[in-house]
């Protein structure tokens, strides 16, 4: 899967959770979704993308991916 698609999907998930009034709960929601529903290869690819600067990732997606990265 191309990184542009993964970035778009991560941002879409972040947009879904952005209406959550508590920021930490929103980050946790994105994180949990990525952890539960994304294939490990998808998670690795987006973590690597973040490590290279994370071009195109919205702030909420960035934070959740950074949390995934810290776990990996």
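Residue numbers (this note's numbering): 1 to 72.
Glycine included, every Cβ here is placed at the ideal spot set by N, Cα and C.
From residue 55 to residue 36, what does the alpha carbon distance come to, in whole angstroms? Walking along the chain shown from the start, residue 55 turns up at place 55. Walking along the chain shown from the start, residue 36 turns up at place 36. Going from the Cα of residue 55 to the Cα of residue 36 covers about 24 Å.
Return helix, strand or coil for residue 72, following the three-state DSSP convention. To locate residue 72, count along the chain shown from 1; it is residue 72. It is coil, neither helix nor strand.
Pick from 71, 61, 47: whose alpha carbon is nearest that of residue 23? Along the chain shown, read from residue 1 onward, the residue named residue 23 stands at position 23. Nearest C-alpha to residue 23: 61.
What is the DSSP secondary structure of residue 21, counted as helix, strand or coil? To locate residue 21, count along the chain shown from 1; it is residue 21. Of the three classes helix, strand and coil, the one that applies to residue 21 here is coil, per DSSP.
Would you check if the segment 13-30 and the segment 41-49 touch, i.e. whether three or more CB-CB distances between them fall below 8 Å? Because the criterion of three Cβ pairs below 8 Å is not met, the segment 41-49 and the segment 13-30 do not touch.
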